[in-house]
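Residue numbers (my numbering), protein chains in the order written: chain G, 1 to 254; chain S, 1001 to 1254.
Ideal Cβ placement from N, Cα and C applies to all residues, glycine included.
Number of protein chains: 2
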Amino acid sequence: MSGWVKIAGLGPGSEELVTSQVSAVLAEATDVVGYIPYVARVAERPGLTLHASDNRVEIDRSQHALQMAAEGKRVVVVSSGDPGVFAMAAAVFEALENGPPEWRDIPIDVLPGITAMLAASARAGAPLGHDFCAINLSDNLKPWSLIEKRLRLAAQGDFAMAFYNPRSKSRPEGFVKTLEILREECEPERLILFARAVSRPDEAIRISTLAEATPDMADMQTVVIVGSSLTRVIERNAAPIVYTPRFTEAGDQG
Amino acid sequence: MSGWVKIAGLGPGSEELVTSQVSAVLAEATDVVGYIPYVARVAERPGLTLHASDNRVEIDRSQHALQMAAEGKRVVVVSSGDPGVFAMAAAVFEALENGPPEWRDIPIDVLPGITAMLAASARAGAPLGHDFCAINLSDNLKPWSLIEKRLRLAAQGDFAMAFYNPRSKSRPEGFVKTLEILREECEPERLILFARAVSRPDEAIRISTLAEATPDMADMQTVVIVGSSLTRVIERNAAPIVYTPRFTEAGDQG
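Written as structure tokens, this is what we have:
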């Protein structure tokens, strides 16, 4: 079998955040599959077929990719950010596990990318510079009770937190509840960062506190980062810097 | 002031995992500072001075970088992986906050990179495909009691977990205790992955369970990933795939 599947991360948006590994496999591919706006980031060329599909059809798309590879195609499944963080890698493996046994002979690789929370963290400073959690706030595939439990435990552990998919038109209430839970668990001055469309032309970074944050500060293009109790702001003439120190006790700076 | 500081992530080791953004700033730099093995990854050229320093001098190194930038140099501080994840970005901001006020006029950017846990996750499949925590197991800069608390809360929240700096010669006991805590909180079959030197020539990936894992499976070159209760293995003729599904309830595959 000469076909393969590579599940590739395109990073948050800017071309200069794509790894050369990903650029190289896109140059070898016969077929690219993915969500419409991500496939739109791949340059058209002779010999390459682009298969763009809508959101929420991750398993169909994965089956399609595996089937084409089984037929000898060189298929790149594109994700925004990193394919292993709330993206296509897990969906492809779900399809593989539940698919025909011969699919297990298809060579499959995951090619990492710059995930949104790390691009956002870099742009703001280093708010994830100490222990942190990454939580998908969408309850499409898990019960809200589990999200709430994880939010409370993460806050009790004084982790910094990064939230993916904080808010969509079909789920307007989840992020309202998220802010309420965080206000119960954390002090009002706790820093919260809204990073929208990082590295893209419409990038917007907003620094707030739990006391002042409102649900409309987030949408599906936003990664939200909540600091730990130690996360700090350095004021400057340029944009302020938000960072979480490496140490947890005064004077313990190694 | 014409100087600047860019805090750049070199990724886990392979050249093909470096972003073009990072390559471009290395080409513009007059000075590169960092830990010896990371500076060794930067090509020498006329006009570029390499300043390699030992481990555990992160604040000295940061002050040196900021001072050179204040004098007009174009300084790249290099980190392995992503500079915002248990790496140099927080150290530079600590030095900035505690340094002379004029340092706050220095342009500073953080350039993200592929962090070790995401390179490891990609190599193994998608073990971080659902909510997860990243925890630094070194107790150089935080008390062990906080690490233990975070480990227990993360396990109780059924997060997948990625551990940085799991074990060193000067801290042989921490990872022994970590495994004991996880065995108290999780079932014996829980998957645990040891990913050493990912993307480098001596890369080694080892899949085990909490029941069978031993402390010597980790060293300072290793990222350890512990699955959630739902993390699974797909057996193949090629290397097995470890992944965490996106859904949490049977049949709820969207």
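(1) On the three-state DSSP scale, how would you describe Ala134 (chain G)?
(2) To the nearest angstrom, report how far apart Ser1259 (chain S) and Thr1030 (chain S) are at their CA atoms.
(3) Inspect the beta-carbon positions of Arg1196 (chain S) and Gly1227 (chain S) and report whether they are closer than 8 Å.
(4) Quick one: which residues of the segment 1017 to 1032 of chain S get their C-beta closer than 8 Å to a C-beta of chain G? List them in chain order.
(5) For Val1018 (chain S), which three-state DSSP category applies?
(6) For Ser1168 (chain S), which residues of its own chain have a beta-carbon under 7 Å away from its beta-carbon, when the five flanking residues on both sides are left out?
(7) Secondary structure at Asp1158 (chain S), three-state DSSP: helix, strand or coil?
(8) Using a Cβ-Cβ cut-off of 8 Å, state whether Ser53 (chain G) counts as contacting chain S.
(9) Compare the C-beta of Asp219 (chain G) against all C-beta atoms of chain S and say whether one is closer than 8 Å.
(10) Can you list, in chain order, the stretches of the beta strand (DSSP E) that have 3 or more residues and sit fully within the segment 1140 to 1189 of chain S?
(11) Excluding sequence positions up to five away, which residues of its chain have a Cβ less than 6 Å from the Cβ of Gly1254 (chain S)?
(12) Grab the span of the beta strand (DSSP E) containing Ile205 (chain G) for me, first residue to last.
(13) Assign Phe93 (chain G) to one of three DSSP states: helix, strand, or coil.
(14) For Pro240 (chain G) and Ala124 (chain G), I'd like the C-alpha separation in whole angstroms.
(15) Could you tell me how far apart the beta carbons of Pro1083 (chain S) and Gly1009 (chain S) are, in whole angstroms, since I believe they sit closer than 8 Å?
(16) Among S:Met1068, S:Ser1020, S:Ala1024, S:Phe1132, which one has its Cα closest to the Cα of Leu1096 (chain S)?
(17) Cβ closer than 8 Å: which chain G residues qualify as neighbours of Cys1186 (chain S)?
(18) Over what stretch of residues does the beta strand (DSSP E) that includes Ile114 (chain G) continue unbroken?
(19) If we call anything under 8 Å between Cβ atoms a contact, is Arg1183 (chain S) one with Asp1139 (chain S)?
(20) So, is the C-beta of Val1005 (chain S) closer than 8 Å to a C-beta in chain G?
(21) What number of angstroms, rounded off, separates the C-alpha of Arg236 (chain G) from the C-alpha of Ala90 (chain G)?
(22) Could you tell me whether the Cβ atoms of Val77 (chain G) and Gly129 (chain G) are closer together than 8 Å?
(23) What are the boundary residues of the beta strand (DSSP E) that includes Leu1193 (chain S)?
(24) Measuring alpha carbon to alpha carbon, tell me which of S:Phe1093, S:Ala1204, S:Ile1007 ends up nearest Gly1081 (chain S).
(25) Going along chain G in order, which residues have a C-beta closer than 8 Å to the C-beta of Gly1227 (chain S)?
(26) Go through the segment 36 to 107 of chain G residue by residue and report every complete run of the alpha helix (DSSP H) that reaches 4 residues or more, in order.
(27) Determine the burial state of Arg246 (chain G): buried for a count of at least 16 other Cβ atoms within 10 Å of its Cβ, exposed for fewer.
(28) Determine whether the beta carbon atoms of Gly11 (chain G) and Gly113 (chain G) lie at a separation below 8 Å.
(29) Helix, strand or coil for Asp252 (chain G), going by three-state DSSP, please let me know.
(30) Can you give me the C-alpha to C-alpha distance between Met1088 (chain S) and His64 (chain G), rounded to a whole angstrom?
(31) What is the residue span of the beta strand (DSSP E) that Thr1265 (chain S) lies within?
(32) Using alpha carbons as the reference points, say which of G:Val25, G:Leu66, G:Met161 lies closest to Ile192 (chain G).
(33) Return the residues of the segment 33 to 67 of chain G that lie within a Cβ-Cβ distance of less than 8 Å from chain S, sorted by chain order.
(34) Out of curiosity, what's the CA-to-CA distance linking Val22 (chain G) and Ser1199 (chain S)?
(35) So, using beta-carbon positions, are Glu148 (chain G) and Ile181 (chain G) closer together than 8 Å?
(36) With a threshold of 7 Å on Cβ separation, who are the neighbours of Val1042 (chain S) within its own chain once the five nearest residues in sequence on each side are excluded?
Let's see:
(1) Along the first sequence, read from residue 1 onward, the residue named residue 134 (chain G) stands at position 134. Strand at Ala134 (chain G).
(2) Since the first residue shown for chain S is 1001 and the last is 1254, residue 1259 (chain S) is missing from the structure and cannot be characterised.
(3) Here residue 1196 (chain S) refers to the residue found at position 196 of the second sequence. Here residue 1227 (chain S) refers to the residue found at position 227 of the second sequence. For Arg1196 (chain S) and Gly1227 (chain S), no; Cβs fall outside 8 Å.
(4) Leu1017, Val1018, Thr1019, Ser1020, Gln1021, Ala1024
(5) On the second sequence, position 18 is the one that residue 1018 (chain S) refers to. Looking at Val1018 (chain S) - three-state DSSP - the assignment turns out to be coil, as it is neither helix nor strand.
(6) As a first step, residue 1168 (chain S) is located in the second sequence; it is residue number 168 there, counting from the start. Hits under 7 Å: Met1220.
(7) Your numbering for residue 1158 (chain S) matches position 158 in the second sequence. Three-state DSSP puts Asp1158 (chain S) in coil, outside helix and strand.
(8) On the first sequence, position 53 is the one that residue 53 (chain G) refers to. Judged by the 8 Å Cβ criterion, Ser53 (chain G) is not in contact with chain S.
(9) Against the first sequence, residue 219 (chain G) aligns to sequence position 219. No, Asp219 (chain G) lies away from the interface with chain S (no Cβ there is under 8 Å from its Cβ).
(10) 1160 to 1164
(11) As a working mapping, residue 1254 (chain S) is identified with position 254 in the second sequence. Residue confidence is low: Gly1254 (chain S) scores 36 on pLDDT, short of 50, so the model does not pin down where it sits. Its coordinate-derived value is still stated next. None.
(12) To locate residue 205 (chain G), count along the first sequence from 1; it is residue 205. First-last of the beta strand (DSSP E) with Ile205 (chain G): 204 to 209.
(13) The sequence position of residue 93 (chain G) within the first sequence is 93, counting from 1. In the structure shown, Phe93 (chain G) sits in a helix (DSSP, three-state: H, G or I).
(14) Locating residue 240 (chain G) in the first sequence gives position 240, counting from the first residue. Locating residue 124 (chain G) in the first sequence gives position 124, counting from the first residue. Those two C-alpha atoms are separated by around 8 Å.
(15) Reading the second sequence from its first residue, position 83 is the one you call residue 1083 (chain S). Reading the second sequence from its first residue, position 9 is the one you call residue 1009 (chain S). 5 Å between Cβ atoms; contact.
(16) Working through the second sequence from its first residue, we reach residue 1096 (chain S) at position 96. Ranking the options by Cα distance to Leu1096 (chain S), first place goes to S:Met1068.
(17) If you number the second sequence from 1, residue 1186 (chain S) lands on position 186. Correct list: empty, because the minimum Cβ distance to chain G is about 14 Å.
(18) Within the first sequence, numbered from 1, the residue matching residue 114 (chain G) stands at position 114. Per DSSP, Ile114 (chain G) belongs to no beta strand (DSSP E) and is neither H nor E.
(19) Numbered from 1 along the second sequence, position 183 holds the residue referred to as residue 1183 (chain S). Numbered from 1 along the second sequence, position 139 holds the residue referred to as residue 1139 (chain S). Taking 8 Å as the Cβ cut-off, Arg1183 (chain S) and Asp1139 (chain S) do not qualify as a contacting pair.
(20) The residue labelled residue 1005 (chain S) in the question sits at position 5 within the second sequence. Judged by the 8 Å Cβ criterion, Val1005 (chain S) is not in contact with chain G.
(21) For the purposes of this step, residue 236 (chain G) is taken as the residue at position 236 of the first sequence. For the purposes of this step, residue 90 (chain G) is taken as the residue at position 90 of the first sequence. Approximately 42 Å between the Cα atoms of the pair.
(22) Taking the first residue of the first sequence as position 1, residue 77 (chain G) is located at position 77. Taking the first residue of the first sequence as position 1, residue 129 (chain G) is located at position 129. No.
(23) Within the second sequence, residue 1193 (chain S) is the residue found at index 193, counting from 1. Run containing Leu1193 (chain S): 1191 to 1196, per the beta strand (DSSP E) assignment.
(24) Looking up residue 1081 (chain S) in the second sequence gives position 81. Ranking S:Phe1093, S:Ala1204, S:Ile1007 by Cα distance to Gly1081 (chain S) puts S:Ile1007 first.
(25) The count along the second sequence starts at 1 and reaches residue 1227 (chain S) at position 227. Under the 8 Å cutoff, chain G gives no residues; its nearest Cβ is about 12 Å from Gly1227 (chain S).
(26) 36 to 39, 58 to 70, 88 to 98
(27) For this step, residue 246 (chain G) is matched to residue 246 along the first sequence. Answer is buried; the Cβ neighbour count reaches 16.
(28) The residue given as residue 11 (chain G) occupies position 11 in the first sequence. The residue given as residue 113 (chain G) occupies position 113 in the first sequence. Closer than 8 Å, so yes.
(29) Stepping through the first sequence from its first residue, residue 252 (chain G) is reached at position 252. With a pLDDT of only 41 at Asp252 (chain G), under 50, the local geometry of the prediction cannot be trusted, and the value read off the model is given with reservation. Coil.
(30) In the second sequence, residue 1088 (chain S) corresponds to position 88, counting from 1. In the first sequence, residue 64 (chain G) corresponds to position 64, counting from 1. Answer to the nearest angstrom: the Cα atoms are 42 Å apart.
(31) The first residue shown for chain S is 1001 and the last is 1254, placing residue 1265 (chain S) beyond what the model contains.
(32) In the first sequence, counting from the first residue as 1, residue 192 (chain G) sits at position 192. Among G:Val25, G:Leu66, G:Met161, the Cα nearest to that of Ile192 (chain G) is on G:Met161.
(33) Arg56, Glu58, Ile59
(34) Here residue 22 (chain G) refers to the residue found at position 22 when the first sequence is read from its first residue. Here residue 1199 (chain S) refers to the residue found at position 199 when the second sequence is read from its first residue. C-alpha separation (whole angstroms): 14 Å.
(35) The residue you call residue 148 (chain G) lines up with position 148 of the first sequence. The residue you call residue 181 (chain G) lines up with position 181 of the first sequence. Closer than 8 Å, so yes.
(36) As a position in the second sequence, residue 1042 (chain S) is number 42, starting the count at 1. Hits under 7 Å: Leu1026, Val1032, Leu1050, Val1078.
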